[in-house]
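Protein chains in written order, with the UniProt record's numbering: chain X, 1 to 591; chain R, 1 to 591. All residues carry an ideal CB built from backbone N, CA and C; glycine is no exception. If you're wondering where the values come from, they're calculated on a predicted model, not measured in any experiment. See structure below.
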């Protein structure tokens with residue numbers, strides 16, 4: 001079974017050499033020095049590799065079971081959940097007023113990468129709780145916050161998002177779940193929700209469901225939707241548990257992967273719920289959860305491929321097969337290790353250069369969230385623009401990476417016992433949930449691109465331009481990093497320009513290229529991320545700081561990405577500018 | 001559960017409008033008129049959709065079971081196998097001397113597409129038998145042929161390929177299975193083989209294993225390898241069954257997919273075997289099977305994605321979600337069907353244009369095999385060159401296609417009950433077995449490119465050039481088809497040139513680009529195939545023959561491929577010509 005090695009040094013490099021967190025001037029960041037974060041990563045890493053990773057295959061094999069209406073999690077999950085709670089990991093970036101540790105979001109993301117990499121299905125129980133926490137924290141009344149948040153911060157109670165119904169996923173305007181107002185100000189919620197991750201389980205005393213439903217008088221479509229807090233077990237005013245609510249698990253889905261997480265059909269039969277946020281404005285509150293969840297899924301996208309990559313590297317070093325074309329590298333042995341072969345290298349470099357670029361994008365994005373929480377509107381615009389890119393691109397490429405890693409194993413990768421299949425099956429969900437990636441592309445092109453009159457996009461182009469200007473004279477970087485970044489950025493601008501010119505006249509032209517645009521954007525961003533890492537690594541080398549071999553490896557890995565991955569932007573641009581004609585040419589009957 | 005609709009009209013178009021089989025001048029082809037092949041396709045299609053397709057999910061769910069040393073296939077498989085045998089489908093292109101029907105290979109491939117699409121795991125039982133049949137037919141003595149082939153043609157006995165061992169897959173020189181010569185001319189075979197597809201089952205009286213093993217005196221590495229016929233049950237001279245041989249199933253592998261096929265660990269404990277072909281020249285005989293198997297896997301690669309695509313189309317037509325950006329298309333309903341959305345179209349067109357191009361390449365390749373069997377050495381060189389492209393490219397893209405189809409279903413695609421997960425899990429194996437796709441790329445660049453002094457490659461370029469010249473003046477095709485084909489062909493030539501110039505000096509430069517070259521080659525070939533289909537469709541339209549809507553759909557689908565897929569060749573070329581430096585930059589320890 002694959003193990004997991006926490007990449008502490010890589011995380012430290014990003015936080016301290018690239019983002020220079022402690023010098024960022026953000027409140028609370030001055031304490032985030034190398035020693036402090038190293039201690040955090042050591043603890044999170046140990047928990048991940050020693051406790052969570054060994055349960056990953058267990059969760060896949062056993063799955064969850066529905067017994068007499070109660071969901072049973074796989075062996076060992078409950079004990080591991082206690083360990084996560086005791087370590088305070090669920091509370092890390094939460095509000096101290098409710099028992100949180102008030103740490104920056106970037107640290108939550110960095111440690112989250114470890115937990116996800118070690119056991120994605122397991123980590124979803126706390127991940128979804130965090131999303132529900134955020135929605136209540138942002139939109140709840142003081143009384144609601146006081147009642148629910150302390151228990152959710154500690155994960156004594158977990159949380160869920162109840163959006164999807166059998167006939168509607170993306171198009172929430174169609175939803176049928178009803179909320180009947182009661183005299184005491186509460187509502188009775190009735191309806192069926194599907195695909196509810198962590199919908200029920202045996203690891204917490206209570207599950208706080210956030211449920212989208214239609215209350216009377218709200219009109220048609222999404223305008224009539226409100227968000228409700230619906231606990232599995234009713235809660236007394238003093239926070240103690242009262243009677244069970246009218247909430248039950250209708251079924252557990254049998255899925256392709258993430259078997260360790262309970263994906264439930266949830267039935268609400270006149271369950272008592274309380275309005276969260278404003279009546280008929282539930283979509284707004286829902287998007288608080290959703291945007292956080294999308295960034296979380298982007299993180300999952302690459303993080304779940306990390307142990308797959310690590311296993312592929314180990315296998316490529318150990319498996320003896322064939323001889324290097326340039327002469328035996330292991331002449332004493334019966335054959336050379338796989339890793340001598342250029343095509344295996346190509347695969348491993350594709351994996352490594354993506355994963356390290358994706359990590360940088362995720363943590364840079366998390367840092368933008370910290371900036372926005374401290375009042376930086378530009379950062380808020382930027383992360384809003386990039387949310388669909390982070391979700392869509394990192395999950396597509398993360399899945400590809402898991403497939404590449406599996407492929408290194410040859411036939412052995414197809415055998416379940418080897419563990420590589422699980423990585424691929426688990427990774428697949430990240431492209432689908434929290435808005436399938438086609439919906440991300442639609443959000444990007446249809447909404448985010450023109451948001452605030454395109455200011456965030458222009459700000460990003462300005463940022464890249466200034467960066468290229470600042471480092472364009474640096475001989476060590478100009479050819480290998482700055483020039484390809486400029487070219488990719490130019491392709492991105494051309495595509496955006498095309499959409500602006502054509503999108504008004506024929507919106508199909510923009511939407512037919514939306515998926516390619518999301519990928520073009522993703523490559524350009526990873527190019528930007530690699531260029532920033534290259535500057536940091538080169539500067540460390542120039543100044544003779546730290547481990548030179550590590551920094552040289554960073555530069556070599558970045559060079560690979562710039563040379564071998566960034567050329568994709570030209571193909572995406574060609575596809576985009578071919579417009580909608582060939583895409584929409586056929587009648588629906590002709591397929 | 002997904003159903004399967006046989007694409008008879010598309011197959012007919014390729015055989016008669018594009019390849020013009022009955023006018024090809026090949027022996028036996030003059031009888032292949034439209035009526036004849038339509039009758040064949042109707043029968044094969046009915047068997048596929050009515051009998052085999054309904055068992056696809058059954059096979060996935062039940063899998064095979066090992067009971068007291070005997071492999072039990074899923075419910076219904078044995079009856080279906082009888083139906084396939086009774087229909088004579090296993091004998092179609094086999095030698096009439098041994099009970100075969102002596103039909104052209106292209107018809108075997110076209111009907112094979114249907115069987116694979118309907119139930120890939122099931123079809124492997126006969127597919128592997130066909131490979132073993134070919135090896136015995138080509139390399140066996142008259143006595144061996146008379147003894148084994150009639151029963152294998154009818155699939156009363158099935159066949160296997162026993163190559164892989166726990167420590168060696170691609171690098172067969174490492175194998176440890178031993179063959180001890182006996183006084184009577186037979187050998188005693190001892191060793192363990194793994195990943196033996198259809199290694200044992202309950203649908204045939206006997207299983208004829210072809211086993212690679214080392215006999216004394218053959219020297220080191222692959223030179224010492226011989227191929228042996230090792231029946232599960234010994235066969236008397238009169239063809240009747242004698243005592244069981246020393247062959248047993250050690251284990252059944254639990255795999256990511258193709259659960260309906262028994263993947264066995266085979267133990268040979270002094271099992272009696274007979275040399276097939278020359279002593280110590282087993283690799284040559286093995287490649288007869290292997291090359292056929294690789295083309296068969298290429299066919300599987302796209303064929304197994306066909307029902308996934310069909311299901312995605314159906315879902316996209318029926319699932320109501322959101323409104324078309326250009327105005328409601330289903331104003332009476334609560335929402336428009338998915339298929340109105342440009343990004344869903346993009347996905348469906350990606351799928352459709354690949355599948356129909358892949359079908360054309362496969363059948364065109366099968367036609368080259370028929371030419372080579374009739375003494376056309378150029379055709380033999382061509383199919384030899386293209387075998388790794390067909391295997392590697394069609395399986396990679398077929399898997400991608402299955403993933404795209406699954407994605408159309410959103411969350412529903414991730415639920416096993418829906419059936420889309422199985423298509424993805426099944427498709428995944430095609431990239432791995434019969435030589436993982438990296439090995440195909442190595443074979444292409446390291447062996448096939450320079451084979452016969454590059455004559456086959458030059459012949460192919462000449463063929464494309466002549467085609468472009470012939471149709472370059474056709475205004476209906478010049479811009480949309482001929483120009484992009486020329487560009488793709490030019491990229492292919494540039495890449496080949498790069499390898500020739502650099503490969504001598506630094507073979508790593510060639511091998512680091514081998515995977516991209518295989519894909520560049522694949523795209524260029526599909527461009528060539530689409531251009532040929534476009535010529536046929538345009539000519540039918542010009543002459544007012546047949547169903548105009550069908551031909552216009554072909555042209556529109558081809559245009560999509562040329563516009564949206566062929567630009568990939570430029571990116572592959574850029575990756576290739578970046579050479580091996582960034583690929584090989586890191587020490588093995590630095591990953």
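What are the start and end residues of the beta strand (DSSP E) that includes residue 181 of chain X?
In the first chain, counting from the first residue as 1, residue 181 of chain X sits at position 181. Residue 181 of chain X -> beta strand (DSSP E) spans 178-181.
Against chain X, with Cβ distances strictly below 8 Å, would residue 346 of chain R count as a contact?
As a working note, residue 346 of chain R is residue 346 in the second chain. Closer than 8 Å: yes.
At what residues does the beta strand (DSSP E) containing residue 197 of chain X begin and finish?
Numbered from its first residue, the first chain carries residue 197 of chain X at position 197. Per DSSP, residue 197 of chain X belongs to the beta strand (DSSP E) from 187-197.
Given that residue 560 of chain R touches chain X, what residues does it touch there, using C-beta distances under 8 Å?
Numbered from 1 along the second chain, position 560 holds the residue referred to as residue 560 of chain R. Per Cβ cutoff of 8 Å: 582, 583 and 585.
If you follow the beta strand (DSSP E) that residue 209 of chain X is part of, which residue opens it and which one closes it?
As a working note, residue 209 of chain X is residue 209 in the first chain. Element bounds for residue 209 of chain X: 206-214.
Using a Cβ-Cβ cut-off of 8 Å, state whether residue 511 of chain X counts as contacting chain R.
The sequence position of residue 511 of chain X within the first chain is 511, counting from 1. Yes - at least one Cβ of chain R is within 8 Å of the one on residue 511 of chain X.
Would you kindly work out how many angstroms separate the C-alpha atoms of residue 383 of chain R and residue 357 of chain X, rounded to a whole number?
For the purposes of this step, residue 383 of chain R is taken as the residue at position 383 of the second chain. For the purposes of this step, residue 357 of chain X is taken as the residue at position 357 of the first chain. Going by the C-alpha atoms only, they are around 41 Å apart.
Interface flag, residue 2 of chain X vs chain R, CB-CB below 8 Å
What you label residue 2 of chain X is simply residue 2 of the first chain in a count that begins at 1. Chain R contact via Cβ: absent.
Just the Cα atoms here: how many angstroms apart are residue 189 of chain X and residue 200 of chain X?
For the purposes of this step, residue 189 of chain X is taken as residue 189 along the first chain, with counting starting at 1. For the purposes of this step, residue 200 of chain X is taken as residue 200 along the first chain, with counting starting at 1. Answer to the nearest angstrom: the Cα atoms are 18 Å apart.
At a Cβ threshold of 8 Å, is residue 352 of chain X touching chain R?
Residue mapping note: residue 352 of chain X aligns to position 352 of the first chain, counting from 1. Taking Cβ atoms only, chain R reaches closer than 8 Å to residue 352 of chain X, which makes this a yes.
Give the straight-line distance between the Cα atoms of residue 72 of chain X and residue 65 of chain X, rounded to the nearest whole angstrom.
Along the first chain, read from residue 1 onward, the residue named residue 72 of chain X stands at position 72. Along the first chain, read from residue 1 onward, the residue named residue 65 of chain X stands at position 65. About 5 Å.
Determine the chain R residues that contact residue 441 of chain X at a beta-carbon separation under 8 Å, and present them in chain order.
Numbered from 1 along the first chain, position 441 holds the residue referred to as residue 441 of chain X. Within chain R, the residues near residue 441 of chain X are 343.
Starting from residue 89 of chain R and walking both ways along the alpha helix (DSSP H), at which residues does that stretch end?
For the purposes of this step, residue 89 of chain R is identified with residue 89 of the second chain, where counting begins at 1. Counting along the chain, residue 89 of chain R falls outside any alpha helix (DSSP H), and DSSP gives it neither H nor E.
Residue 96 of chain R: buried (16+ other C-beta within 10 angstroms of its C-beta) or exposed?
Numbered from 1 along the second chain, position 96 holds the residue referred to as residue 96 of chain R. It is exposed - the Cβ of residue 96 of chain R has fewer than 16 other Cβ atoms within 10 Å.
So residue 158 of chain X is in the beta strand (DSSP E); what residue range does that whole segment cover?
In the first chain, residue 158 of chain X corresponds to position 158, counting from 1. First-last of the beta strand (DSSP E) with residue 158 of chain X: 157-162.
Counting C-beta neighbours from all protein chains within 10 Å, is the total for residue 74 of chain R 16 or more, i.e. buried, or is it exposed?
The residue you call residue 74 of chain R lines up with position 74 of the second chain. Counting Cβ neighbours within 10 Å, residue 74 of chain R comes out buried, since at least 16 surround it.
Where residue 591 of chain R falls: helix, strand or coil (DSSP):
For this step, residue 591 of chain R is matched to residue 591 along the second chain. Looking at residue 591 of chain R - three-state DSSP - the assignment turns out to be coil, as it is neither helix nor strand.
When DSSP labels each residue in this structure, what does residue 165 of chain R get in the three-state scheme?
Here residue 165 of chain R corresponds to residue number 165 of the second chain, with the count starting at 1. Residue 165 of chain R: strand per DSSP, three-state reduction.
Run through chain R and tell me which residues come within less than 8 Å of residue 197 of chain X, C-beta to C-beta.
Walking along the first chain from the start, residue 197 of chain X turns up at place 197. Correct list: empty, because the minimum Cβ distance to chain R is about 10 Å.
Counted within 10 angstroms of its Cβ, other Cβ atoms place residue 102 of chain X as buried (16 or more) or exposed:
Counting from one through the first chain, the residue named residue 102 of chain X turns up at place 102. Flag for residue 102 of chain X reads exposed.
Inter-residue spacing [alpha-carbon to alpha-carbon] between residue 546 of chain R and residue 540 of chain R:
On the second chain, position 546 is the one that residue 546 of chain R refers to. On the second chain, position 540 is the one that residue 540 of chain R refers to. In a straight line, the C-alpha of residue 546 of chain R is about 7 Å away from that of residue 540 of chain R.
Name the chain R residues that come within less than 9 Å of residue 321 of chain X, Cβ to Cβ?
Locating residue 321 of chain X in the first chain gives position 321, counting from the first residue. By Cβ distance, chain R contributes 167, 168, 169, 170, 171 and 174.
Are the beta-carbon atoms of residue 507 of chain X and residue 326 of chain R separated by less than 8 Å?
By one-based count along the first chain, residue 507 of chain X stands at place 507. By one-based count along the second chain, residue 326 of chain R stands at place 326. Yes, Cβ-Cβ distance for residue 507 of chain X and residue 326 of chain R is below 8 Å.
Consider the Cβ of residue 592 of chain X: report whether some Cβ of chain R lies at a distance smaller than 8 Å.
The structure shown has nothing for residue 592 of chain X, since chain X only spans 1 to 591.
Report all residues from its chain with a CB closer than 7 Å to the CB of residue 347 of chain X; omit the five preceding and five following residues, and keep chain order.
Position 347 of the first chain, counted from the start, is the residue given in the question as residue 347 of chain X. So the qualifying residues of the chain are 404, 407 and 408.
If the criterion is Cβ atoms closer than 8 Å, does the pair residue 126 of chain R and residue 90 of chain R meet it?
In the second chain, counting from the first residue as 1, residue 126 of chain R sits at position 126. In the second chain, counting from the first residue as 1, residue 90 of chain R sits at position 90. Contact: yes.
Could one say the Cβ of residue 313 of chain X lies closer than 8 Å to chain R's Cβ atoms, at least one of them?
Position 313 of the first chain, counted from the start, is the residue given in the question as residue 313 of chain X. Chain R contact via Cβ: present.
Can you tell me whether residue 154 of chain X is buried or exposed? The criterion is at least 16 other CB atoms within 10 Å of its CB, across all chains shown.
Here residue 154 of chain X corresponds to residue number 154 of the first chain, with the count starting at 1. Answer is buried; the Cβ neighbour count reaches 16.
Compare the C-alpha of residue 148 of chain X against each of X/45, X/274 and X/197 and name the closest.
On the first chain, position 148 is the one that residue 148 of chain X refers to. Residue 148 of chain X has its Cα closest to that of X/274, out of X/45, X/274 and X/197.
DSSP state of residue 119 of chain X mapped onto helix, strand, coil:
The count along the first chain starts at 1 and reaches residue 119 of chain X at position 119. The answer is coil: DSSP assigns residue 119 of chain X none of H, G, I, E or B.
Chain R contact for residue 255 of chain X (CB, 8 Å cutoff):
Reading the first chain from its first residue, position 255 is the one you call residue 255 of chain X. Interface residue, yes.
Closer than 7 Å: residue 472 of chain R CB and nearest the ligand FMN heavy atom:
As for the ligand FMN, it is missing from this structure, which has no ligand bound.
Mind listing, in chain order, the continuous beta strand (DSSP E) runs of no fewer than 3 residues lying wholly within the region 211-252 of chain R?
225-231, 233-235, 241-244 and 247-252
For residue 469 of chain X and residue 484 of chain X, what's the separation of their Cα atoms in angstroms?
Position 469 of the first chain, counting from 1, holds the residue named residue 469 of chain X. Position 484 of the first chain, counting from 1, holds the residue named residue 484 of chain X. Each residue's alpha carbon lies about 13 Å from the other.
Could you tell me how far apart the beta carbons of residue 212 of chain X and residue 267 of chain X are, in whole angstroms, since I believe they sit closer than 8 Å?
Residue 212 of chain X sits at position 212 when you count from the first residue of the first chain. Residue 267 of chain X sits at position 267 when you count from the first residue of the first chain. That pair is no contact at about 15 Å.
May I ask you to report which of helix, strand or coil DSSP gives residue 393 of chain X?
For the purposes of this step, residue 393 of chain X is identified with residue 393 of the first chain, where counting begins at 1. If DSSP states are grouped into helix, strand and coil, residue 393 of chain X belongs with the helices.
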